[in-house]
Each structure stands twice: as C-alpha cells, then as structure tokens.
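These notes are about the structure you will find just below.
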C-alpha cells in the first residue's frame, strides 16, 4: 500500500489519506471476496493523482512521462477549475466549505464543477 500503489508529492498532504483509503479498500475486498481488484485501487487513486500531478505540471520545468493526452487534458481542466474555485472561496463561504471538503478528500474533485461554472439565471 502507500507509495507502492501511488506516490504523491508530499507538499499537498494527501499521501497519508490515499494510503488509508487504500488500506480500507483492501480490507473491504479481503472481507468480501478474499481477493483484490487492482481496478478498484486505480479508481481510488486516480482523482488525487491527477489533481496533484496537474498542480506539479504548473511548476516551470516540471515534466511527466508516459501520461496520456486525456490525463493531461484532465490535469489542465483541473487547474482551471481549481483557480476559479479557490478565487471564489475567498469571498463565498459555501465555495470555501466545498473546496476544503475536496482538499481533505471528503468529496471528489467533481463536487467543485458547479462552483467553477458561471451561474445561469
């Protein structure tokens, strides 16, 4: 578990949470089936990995190898979405609460999409 499954940049503080969630998933799978499914672990770490890797890519000189075009697009969109949400969180208490729930991995990143889109009246 942990870095053997997915290594995240420690600056974002999500590695221990991903490790814990992975251990809980392993326990669930062992209790139910007695075997594990790599696919479920991949799904579990995809959101956090795309988020932190995308943030790393914004640092000049940072590169990633063997990353699909779709993953790069997702990282770019996550960055744009994140910028809009974090700006809004400076004056909107609801946006702040939702952003913190995503940063603390209580909710998935997709929970922020409505905050980044313009309101239609």
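In this note's numbering, the protein residues as written are 1253 to 1373. Every residue, glycine too, gets a C-beta built ideally from N, C-alpha and C.
query = residue 1320 by DSSP, collapsed to three states: which one?
reply = Translated into the one-based positions of the chain shown, residue 1320 becomes position 68. The answer is coil: DSSP assigns residue 1320 none of H, G, I, E or B.
request  = Put residue 1266 into one of helix, strand or coil per three-state DSSP.
outcome  = Residue numbering aside, residue 1266 sits at position 14 when the chain shown is read from its first letter. If DSSP states are grouped into helix, strand and coil, residue 1266 belongs with coil.
ask   = Mind checking residue 1300: buried by the 16 CB within 10 Å criterion, or exposed?
value = In the chain shown, counting from the first residue as 1, residue 1300 sits at position 48. By the neighbour-count rule (16 or more Cβ atoms within 10 Å), residue 1300 is buried.
request  = Could you spell out where the alpha helix (DSSP H) holding residue 1303 opens and where it closes?
outcome  = Taking the chain shown and counting its residues from 1, the one referred to as residue 1303 is at position 51. Its alpha helix (DSSP H) spans residues 1290-1309.
query = Does DSSP put residue 1328 in a helix, in a strand, or in coil?
reply = By 1-based counting over the chain shown, the position of residue 1328 is 76. Three-state result, residue 1328: helix.
request  = Mind reading off the beta-carbon distance from residue 1303 to residue 1361? Whole number of angstroms is fine, and I expect it under 8 Å.
outcome  = If you number the chain shown from 1, residue 1303 lands on position 51. If you number the chain shown from 1, residue 1361 lands on position 109. At roughly 6 Å, the Cβ-Cβ gap stays under 8 Å, so residue 1303 and residue 1361 are in contact.
inquiry  = I need the boundaries of the alpha helix (DSSP H) containing residue 1368, first residue and last residue.
reply    = Counting from 1 along the chain shown, the entry for residue 1368 is found at position 116. It spans 1365-1368 - the alpha helix (DSSP H) in which residue 1368 sits, taken as one unbroken run.
Span separating the alpha-carbon of residue 1259 from that of residue 1274 = Residue mapping note: residue 1259 aligns to position 7 of the chain shown, counting from 1. Residue mapping note: residue 1274 aligns to position 22 of the chain shown, counting from 1. Whole-angstrom Cα-Cα distance: 12 Å.
Assigned secondary structure, residue 1339 (DSSP; H/G/I helix, E/B strand, else coil) = Locating residue 1339 in the chain shown gives position 87, counting from the first residue. Helix.
inquiry  = If you reduce the DSSP assignment to three classes, tell me which class residue 1357 lands in.
reply    = The sequence position of residue 1357 within the chain shown is 105, counting from 1. Residue 1357: coil per DSSP, three-state reduction.
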